[in-house]
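Undergrad: Let me begin by handing over the structure; questions about it come next.
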């Protein structure tokens, strides 16, 4: 049974991401957050994992503080959100991505990796959809060109397949690989 905490997380994320849209679209950003939580729930993840999936970008992309997440949703949720958050957005794109990859490689927490994978899967699904509509213009939305995006996503594919194999979240890794292969033939 779904508890009120999940609905509170959706409300909190909606408030924090108010006015934000997905890159190059008119789709409210909160749709992505809920989609990440949904993927995790569909695979039987614990409620804290689904909540962290919904909140995965609130510290990175809004004014919300990690301590507020901890007070509202508990230490486990806050630790997961912290674990998937990138460092300072002022750093160069490559530095932020290398940091995110190193962080993912160094963790033993498969729930954290599942959140990261669900996030990237939802992102790549949106990218694939948009690419089918606008073609190569898609890459103009991003801070890094197509070849650097390819490096990042294939590196994560390898990592997720290695680490999530045999876990309840291996399906996410397989789906992510399929989407990346479609977008980067």
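Numbering (my numbering), first residue to last: 1162 to 1346. Using N, Cα and C, we set each Cβ at its ideal position, and we do this for glycine too. Just so you know, these numbers come straight off a predicted model, no measurement behind them.
Looking at residue 1282 and residue 1227, is the spacing between their C-beta atoms short of 9 Å?
TA: In the chain shown, residue 1227 corresponds to position 66, counting from 1. In the chain shown, residue 1282 corresponds to position 121, counting from 1. In this structure, residue 1282 does not lie closer than 9 Å to residue 1227 by Cβ.
Undergrad: Below 8 Å, how does it come out for the region 1185–1192 and the region 1233–1252: are there three or more Cβ pairs, yes or no?
TA: At 8 Å Cβ cutoff, the stretches do not touch.
Undergrad: Out of 1345, 1246, 1255, 1294, which one is the CA nearest neighbour of residue 1311?
TA: For the purposes of this step, residue 1311 is taken as residue 150 along the chain shown, with counting starting at 1. Checked all of 1345, 1246, 1255, 1294; the closest Cα to residue 1311 is 1345.
Undergrad: Go through the region 1236–1294 residue by residue and report every complete run of the alpha helix (DSSP H) that reaches 4 residues or more, in order.
TA: 1236–1245, 1254–1267
Undergrad: Whole angstroms is fine: what's the gap from residue 1254's alpha carbon to residue 1224's?
TA: To locate residue 1254, count along the chain shown from 1; it is residue 93. To locate residue 1224, count along the chain shown from 1; it is residue 63. Each residue's Cα considered, the two are about 21 Å apart.
Undergrad: Rounded C-beta distance between residue 1241 and residue 1197? I'm assuming under 8 Å.
TA: Position 80 of the chain shown, counted from the first residue, corresponds to residue 1241. Position 36 of the chain shown, counted from the first residue, corresponds to residue 1197. Not really, about 12 Å apart at Cβ, beyond 8 Å.
Undergrad: By the DSSP assignment, the alpha helix (DSSP H) with residue 1222 in it spans what residues?
TA: As a first step, residue 1222 must be located in the chain shown, where it is residue number 61. Its alpha helix (DSSP H) spans residues 1219–1222.
Undergrad: Please report the straight-line C-alpha distance between residue 1291 and residue 1183, rounded to a whole angstrom.
TA: Along the chain shown, one-based indexing puts residue 1291 at 130. Along the chain shown, one-based indexing puts residue 1183 at 22. If I take the Cα positions, the gap works out to 11 Å.
Undergrad: Have a look at the DSSP bridge pairing and note the partners of residue 1182.
TA: Here residue 1182 corresponds to residue number 21 of the chain shown, with the count starting at 1. In DSSP, residue 1182 forms a bridge with 1189.
Undergrad: Would you be able to state if there are at least three C-beta pairs under 8 Å between the region 1316–1328 and the region 1268–1276?
TA: yes
Undergrad: With a 10 Å radius around its C-beta and 16 neighbouring C-beta atoms as the bar for buried, classify residue 1174 as buried or exposed.
TA: Translated into the one-based positions of the chain shown, residue 1174 becomes position 13. Buried, because 16 or more other Cβ atoms sit within 10 Å of the Cβ of residue 1174.
Undergrad: From the DSSP output, in three-state form, read off residue 1305 for me.
TA: On the chain shown, residue 1305 is found 144 positions in, with the first residue counted as 1. Here residue 1305 sits in coil by DSSP.
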